[in-house]
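Numbering (numbering that gives the first Met the number 0), first residue to last: 0 to 137.
Virtual Cβ for every residue (Gly too), placed ideally from N, Cα, C.
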Amino acid sequence: MSIRTLRLAGRCHAYRHGVLPAVCAVLVVSRALASIPWAAGSSLPTARRELGAVELGGVVYAIGGIEGGDQLQDKLTRLTPGATTWADRAVMPEPIEGVAAASFGGKLYVLGGRTSNLPTYLGRAEVYDPNTDAWTGK
């Protein structure tokens, strides 16, 4: 039996505008040695940076981010096991980048992030329920 785990340890953005970000998080992926070979997966339909990523029930989710020069995104996109393309899910309450993301109890938790180019990070959480394809704020 192989074991795969996804742990959220934090992620730090580059030093911007002379101000260090208030929220730092890094996504750390670990897996059991021996049994699981790594392989290239399907690319996102459009390139994004500063997005969140998390796994829940074998499904990988890409959350928010920036497309192009500075276009904040409200996209939630998922890749299910065996799929060759990403599928759009319910859009987020507002475009956001630089989030920390985690899964727990069958839901996705999106923490912090920014909704503008200002170096101010949000102190809130959004929760996504894949069973209802809906967001709620916390």
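Thinking C-alpha only, which one of Val98, Asp73, Ala100 is nearest Arg88? Asp73
One question on the structure: do Ala52 and Ala61 come within less than 8 Å of each other, judged by their Cβ atoms? yes
Output yes or no for whether 8 Å exceeds the beta carbon distance between Glu125 and Val109. Yes, these two residues count as a Cβ contact at 8 Å.
Any idea if Thr135 is buried or exposed, counting beta-carbon neighbours within 10 angstroms, 16 or more meaning buried? exposed
Using 8 Å for Cβ pairs, my map puts Ser41 next to Thr76. What's the rounded Cβ distance? Not quite, the Cβ-Cβ distance comes to about 11 Å (not below 8 Å), so this is no contact.
Closest to Gly64 by CA distance: which of Thr114, Leu55, Ala82 is it? Thr114
Can you tell me whether Ala82 is buried or exposed? The criterion is at least 16 other CB atoms within 10 Å of its CB, across all chains shown. exposed
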